[in-house]
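The structure appears right after this line, and notes come after that.
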Amino acid sequence: MRLVNDQGFDLLGQRLLAAGNGAFVGRQEELAAFSAALRCGGRVLFVHGPGGVGKSALLRRLAQEALTAERSVTLLDGRTLGPSPAAFESAAETVFADERAVLLIDSFEDIQSLEGWLRERFLPRIPVGALVVLAGRVPPDLTWQADPTWAGTLMVMPLRDLSPAEAAALLEARGVADGSLRESLLAFAGGHPLALSLGAAVAIKDERASSRWTPAQDVVATLLDQLVGDVPSPAHRHALEVCAQTYITTEDLLRAVLPDDDAAALFSWLRRLPFMESGTPGLHPHDVVREILRADLSWRDPQRYADLRQRIGGHLMAQVRTVADADVLRVVGSMFYLRRHRRSLPGRDFWHQEDDVYEEVFQIGATENTVALVAEADSEESAAAVAFWAARQPEAFHLYRHAATGELAGVCVWLRLDRPSDVEAAADPVVAAAWAHARAVAPLRPGEHLSVGRIWVRDANQGLSSVMEWRGVGHSLRSERMAWSFMAVPADDVRVGYYRRDSPYELDEHCRMGDSEYTLFAHDWRALPAQVWLERLMSADTPTDATSVREPELAVLSQAEFTEAVRKALRHLSRTSELAANPLVRSRLVAGHSDPVQALRRRLEEAIHTLGQDARASKLHRALDTTYLRGAPTQEAAAERLGLPFTTYRRHLTSGVERICEELWQRELYGTNDN
Numbered sequence: 001m002r003l004v005n006d007q008g009f010d011l012l013g014q015r016l017l018a019a020g021n022g023a024f025v026g027r028q029e030e031l032a033a034f035s036a037a038l039r040c041g042g043r044v045l046f047v048h049g050p051g052g053v054g055k056s057a058l059l060r061r062l063a064q065e066a067l068t069a070e071r072s073v074t075l076l077d078g079r080t081l082g083p084s085p086a087a088f089e090s091a092a093e094t095v096f097a098d099e100r101a102v103l104l105i106d107s108f109e110d111i112q113s114l115e116g117w118l119r120e121r122f123l124p125r126i127p128v129g130a131l132v133v134l135a136g137r138v139p140p141d142l143t144w145q146a147d148p149t150w151a152g153t154l155m156v157m158p159l160r161d162l163s164p165a166e167a168a169a170l171l172e173a174r175g176v177a178d179g180s181l182r183e184s185l186l187a188f189a190g191g192h193p194l195a196l197s198l199g200a201a202v203a204i205k206d207e208r209a210s211s212r213w214t215p216a217q218d219v220v221a222t223l224l225d226q227l228v229g230d231v232p233s234p235a236h237r238h239a240l241e242v243c244a245q246t247y248i249t250t251e252d253l254l255r256a257v258l259p260d261d262d263a264a265a266l267f268s269w270l271r272r273l274p275f276m277e278s279g280t281p282g283l284h285p286h287d288v289v290r291e292i293l294r295a296d297l298s299w300r301d302p303q304r305y306a307d308l309r310q311r312i313g314g315h316l317m318a319q320v321r322t323v324a325d326a327d328v329l330r331v332v333g334s335m336f337y338l339r340r341h342r343r344s345l346p347g348r349d350f351w352h353q354e355d356d357v358y359e360e361v362f363q364i365g366a367t368e369n370t371v372a373l374v375a376e377a378d379s380e381e382s383a384a385a386v387a388f389w390a391a392r393q394p395e396a397f398h399l400y401r402h403a404a405t406g407e408l409a410g411v412c413v414w415l416r417l418d419r420p421s422d423v424e425a426a427a428d429p430v431v432a433a434a435w436a437h438a439r440a441v442a443p444l445r446p447g448e449h450l451s452v453g454r455i456w457v458r459d460a461n462q463g464l465s466s467v468m469e470w471r472g473v474g475h476s477l478r479s480e481r482m483a484w485s486f487m488a489v490p491a492d493d494v495r496v497g498y499y500r501r502d503s504p505y506e507l508d509e510h511c512r513m514g515d516s517e518y519t520l521f522a523h524d525w526r527a528l529p530a531q532v533w534l535e536r537l538m539s540a541d542t543p544t545d546a547t548s549v550r551e552p553e554l555a556v557l558s559q560a561e562f563t564e565a566v567r568k569a570l571r572h573l574s575r576t577s578e579l580a581a582n583p584l585v586r587s588r589l590v591a592g593h594s595d596p597v598q599a600l601r602r603r604l605e606e607a608i609h610t611l612g613q614d615a616r617a618s619k620l621h622r623a624l625d626t627t628y629l630r631g632a633p634t635q636e637a638a639a640e641r642l643g644l645p646f647t648t649y650r651r652h653l654t655s656g657v658e659r660i661c662e663e664l665w666q667r668e669l670y671g672t673n674d675n
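To convert, note that position 275 of the sequence shown is 275 in full-length UniProt numbering; the numbers rise steadily by one, no gaps.
What follows is the structure, encoded as structure tokens:
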């Protein structure tokens with residue numbers, strides 16, 4: 001479309017340009033670069049960005065700017081040209097005869113195959129004063145930037161979303177006057193121009209649209225067509241659906257969630273999509289693309305939507321136990337990303353801390369600054385406790401620094417404590433209170449430990465503490481044989497509400513350090529295992545009712561109590577009602593089974609059979625098998641069946657029961673392979 005003619009009168013296209021530019025906002029840097037190129041001439045500008053980000057609107061505005069500067073303008077669309085050099089040259093031939101010509105090419109991705117020809121054959125022939133602007137979804141081939149002959153001529157301009165202020169201005173220009181409706185549109189579309197414009201066009205016609213506005217399916221479908229388009233196969237669609245649910249997508253995540261598909265090929269395809277962004281951890285789609293894919297799947301196939309989220313969550317839960325310590329925040333944060341219930345501007349309310357701060361392993365040399373921060377954020381007494389523990393457990397601390405300045409922004413500590421100590425209790429009343437509660441409620445068993453956590457931030461309004469909470473979740477999931485964990489929170493801190501919602505116990509008695517008062521939240525991980533707690537937390541569609549998790553899921557037994565329970569269970573092996581009353585049905589032995597009574601019976605029977613595989617224990621096995629599995633009415637009858645003196649039989653039986661008790665106790669402590 002040529003926008004200046006030889007007759008000297010206005011064209012309808014010029015009027016349409018002016019009308020469209022009435023709602024144009026932002027893009028000051030791009031306009032400035034174009035204005036400079038108009039003055040200098042002999043430049044090629046390459047604008048690229050995902051679909052709907054505003055490339056066409058920018059080209060129309062550039063055309064208007066060129067017309068105002070009395071330049072002749074030709075605006076071409078790659079969708080209608082076709083990938084033929086001859087067709088392209090015919091449509092753009094006016095640029096060869098006019099030193100003041102401006103050639104604008106939209107949808108260049110549809111004729112991307114001409115890129116090499118354009119660079120090598122077409123562009124070198126245009127007049128030096130002419131100006132060419134290419135706009136497409138795909139960035140230019142690296143050959144352009146690697147070629148020194150193009151260094152001063154080619155200017156690459158990636159087009160990003162509008163800023164929050166520009167997005168609000170666009171909605172106002174589109175006629176959205178209601179503030180609550182504007183916030184809803186911003187929450188959905190962020191700074192994406194097409195999503196903002198389309199949402200505004202629909203919402204202003206809906207009299208019921210308000211702060212609860214969400215895009216209808218026709219809006220979602222339109223955006224899917226415009227931004228994503230057709231995909232090669234169902235497997236590719238599934239890969240996009242995974243990306244929509246996860247904060248970061250990696251090839252190993254695709255492999256775990258889509259085991260029947262070629263993860264490597266799918267990941268290679270994803271990384272080349274124009275709306276996909278690559279970073280060190282992996283890939284993530286543009287926020288609007290993520291939201292429309294999520295909205296489409298949840299409406300189209302809610303069961304697949306739920307199953308996909310469950311598979312992703314399961315992979316992340318397993319991964320957090322095995323990744324390097326430096327990757328814990330990324331994985332735990334990705335788990336909590338699945339749980340998010342509401343959003344403000346996309347991408348601005350969840351991971352902004354990742355850009356603002358970084359986590360650092362504590363070094364002894366940082367003790368002075370760490371103590372100073374705690375004194376400033378809390379009290380001198382807490383600072384003294386930090387100095388005490390920094391010397392004893394430096395590995396328990398993690399520091400958080402501002403990325404821009406390196407200034408210390410926060411401190412997180414998770415102490416590991418194996419046995420009570422009068423010295424430690426005197427130095428830290430929080431630790432003393434934790435030990436007192438554990439001893440009174442459910443003491444530690446051999447080999448177990450407890451943890452005490454605390455968080456301090458210099459600025460309570462910076463939202464940094466959520467990242468530290470992820471560190472605490474990672475600590476809980478990665479700690480072997482942790483019996484109890486305690487988190488101390490200042491009694492007037494807003495985080496008290498969070499812990500009341502998600503933690504099993506709140507201690508009745510507050511702890512005091514100097515003039516400061518702390519609420520202690522406790523978790524007995526033997527009673528409510530990490531997997532159960534986390535699955536409950538992650539699957540909640542609404543905030544968890546604290547009363548629903550206050551009672552322990554599992555019984556926490558001492559070794560003596562456990563041994564007595566095993567003896568009773570063996571005697572009652574065939575009696576369902578007696579087994580149901582046995583505390584072992586609430587033990588770790590049968591955790592996760594839908595029928596704990598049947599699971600306990602099977603566990604005991606398996607233990608007896610396993611003992612029989614030891615040739616040295618054959619006599620013990622025969623005594624147990626005859627007494628408990630073959631239904632001898634009395635011990636005397638069992639001895640008679642075995643042809644043994646009663647005292648010999650009793651010795652074998654007692655030794656066999658002891659072996660069973662010890663083997664099952666080890667399973668209770670360390671877990672089983674089939675739960």
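Glycine included, C-beta positions come from ideal geometry on N, C-alpha and C.
Cys661 is positioned such that its CB atom lies closer than 9 Å to that of Phe562.
Secondary structure of Asp595 (DSSP, three-state): coil. Between Leu584 and Leu600 a beta carbon distance of about 5 Å is seen, short of the 8 Å cut, so the two are scored as contacting. One Cα belongs to Tyr498, the other to Trp533, and the distance between them is close to 15 Å. For Tyr305, the enclosing alpha helix (DSSP H) starts and ends at Pro302 to Gln319.
Bridge partners of Glu506 according to DSSP: Phe521. For Thr74, the enclosing beta strand (DSSP E) stretches over residues Ser72 to Asp77. Apart from the 5 residues on each side of it in sequence, Ser56 sits with its Cβ closer than 7 Å to the Cβ of Asp106 in its chain, given in chain order. A straight-line Cα-Cα distance of about 34 Å links Gly78 and Asp261. In the structure shown, His192 adopts coil according to DSSP, grouped into three states. Among the bridge pairs identified by DSSP, Thr249 is matched with Leu283.
Burial is judged here by how many other beta carbons sit within 10 angstroms of a residue's own beta carbon; Gly279 has fewer than 16 and is exposed.
About 21 Å separates the beta carbon of Ser485 from that of Ser516, a gap too long to meet the 8 Å contact definition. Within the same chain, His192, Pro193, Leu194, Ala195, Leu223, Gln226, Leu227 and Val288 come within 8 Å of Gly52 by CB-CB distance, once the 5 residues on both sides are set aside. It is roughly 14 Å from the alpha-carbon of Arg512 to the alpha-carbon of Ala384. In the same chain as Asp493, and ignoring 5 residues on each side of it, no C-beta atom comes closer than 7 Å to its own. Closest in C-alpha terms to Ile111, from the list Ala483, Ile126 and Pro140, comes Pro140. The stretch 158-169 makes no contact with the stretch 32-43; the number of CB pairs closer than 8 Å stays below 3.
Our two residues, Gly152 and Ala146, have alpha carbons roughly 12 Å apart in a direct line. The shortest C-alpha to C-alpha distance from Glu564 to any of Leu444, Leu664, Gln319 and Glu120 is the one to Leu664. The residue from Ala440, Val556, Met468 and Arg160 with its alpha-carbon nearest to that of Tyr358 is Met468. The alpha-carbon of Thr143 is positioned some 59 Å away from that of His449. Judged by DSSP in its simplified three-state form, Arg603 adopts helix. Cβ-Cβ distances below 6 Å link Leu624 to Ile608 and Gly656 in the same chain, with the five nearest sequence neighbours on each side left out; the list follows chain order. For the 9 Å CB-CB criterion, Arg445 and Leu669 form a contact. For the stretch 608-643, the continuous alpha helix (DSSP H) assignments of 4+ residues that do not extend past its boundaries occur at 618-624 and 635-642, in sequence order. Ranked by Cα distance from Ala366, the options Ser180, Ala324 and Gly410 are led by Gly410. When DSSP states are grouped into helix, strand and coil, Ala92 belongs to the coil group. For Gly453, the enclosing beta strand (DSSP E) begins and ends at His449 to Val457. In terms of Cα proximity to Trp389, the closest of Leu408, Ala403, Ala377 and Val430 is Val430. Taking the CA atoms as reference points, Val138 sits about 22 Å from Glu251. By the criterion of a C-beta distance shorter than 7 Å, Lys568 is surrounded in its chain by Asn582, once the five residues flanking it on both sides are discounted.
Put simply, of Ile455, Arg439 and Ala200 the residue whose alpha carbon is nearest the alpha carbon of Ala396 is Ile455. If you draw a straight line from the Cα of Val95 to the Cα of Arg27, it is about 26 Å long. Contact check between the stretch 231-241 and the stretch 310-326: fewer than three CB pairs, one atom from each, fall below 8 Å, which does not count as touching.
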